[in-house]
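Student: Per the working numbering, the sequence shown runs over residues 560 to 797. The beta-carbon is built from N, C-alpha and C at its ideal position, and this holds for glycine as well.
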Amino acid sequence: MASCSEVILSFMVELLSLVKMSKQLRRHHCVILLHLSLQNEARKLNHQEVVEEDKRLKLPSNWEAKKARLEWELSVDEKKKECAARGEDYDRVKLLEITADDAERWERKKKKKNPDTGFAGYAEAQFRQYQRLTKQIRPDYESYEKQREDCGEDFHPTSNSLIHGTHVPTKEGIDRMVEDVEKQIEKRAKYSRRRAYNDDADIDYINERNAKFNKKAERFYGKYTAEIKQNLERGTAV
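#1: Take P698 and list the residues in its own chain whose beta-carbon comes closer than 8 angstroms to its own, dropping the five residues that flank it on each side.
#2: Are the beta-carbon atoms belonging to I722 and P716 less than 8 angstroms from one another?
#3: Under DSSP, the alpha helix (DSSP H) around E704 begins and ends at which residues?
#4: So, for D713: in the same chain, excluding its five sequence neighbours on each side, which residues have a beta-carbon less than 7 angstroms away from its beta-carbon?
#5: For R707 and I696, what's the separation of their Cα atoms in angstroms?
#6: Using only the alpha-carbon positions, how far apart do F779 and E683 sit?
#7: Note down the Cα distance separating G646 from E637, rounded to an integer number of angstroms.
#8: Mind checking which residues open and close the alpha helix (DSSP H) that includes N769?
#9: Helix, strand or coil: which one does DSSP assign to T729?
#10: Can you tell me where the alpha helix (DSSP H) with F686 in it begins and where it stops?
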């Protein structure tokens, strides 16, 4: 028959084994909960990424460029307000922040984007003038609202509306037109017909007379002969 000490010892051994087992169960339970939590978090993040990707796919292809442009315009407006509050000229402050290399690079980019090729015809000159004037247009919401109130239902004309010749320009509009015409006259007086030499242009002439003829031919037939010229340069012409 077992003594009392042996019974107590066996009981303690069983108790320790149960405690050890309970610790293992708790540890295993915690591992399972952690694994489930990580799975749920990963599933949630994947779902958010799918939703964001779907939103990006539904946006226009040039959305990033538009967003960057809007952010840049907002920053420019903020800087203009800050300069106005300090009584400073924004254009002068902007020039002080631009390095010489940046100014030269922007000037080359501007010339490349809209090169002044000289007088090529009245239609082309008028189109360039139209583009220049439309870039200067700034919306005047006050005049827009006033004109809409004055016109009433005729603001959105129908086939029965008769509003031709009823518009009266404002004094500010006339002053802007006069100022622009004076600038054009001053520019024409200083204008030089001598075109700057373009280092990047292809040399396809043998003298000055031949260069003028090639430029004239390029204006009229360049869009038709561009592919033929490229094939000849690549050696793939049929």
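Tutor: So, to answer that:
#1: none
#2: yes
#3: 700-710
#4: S720, I722
#5: 19 angstroms
#6: 12 angstroms
#7: 14 angstroms
#8: 767-793
#9: coil
#10: 681-694
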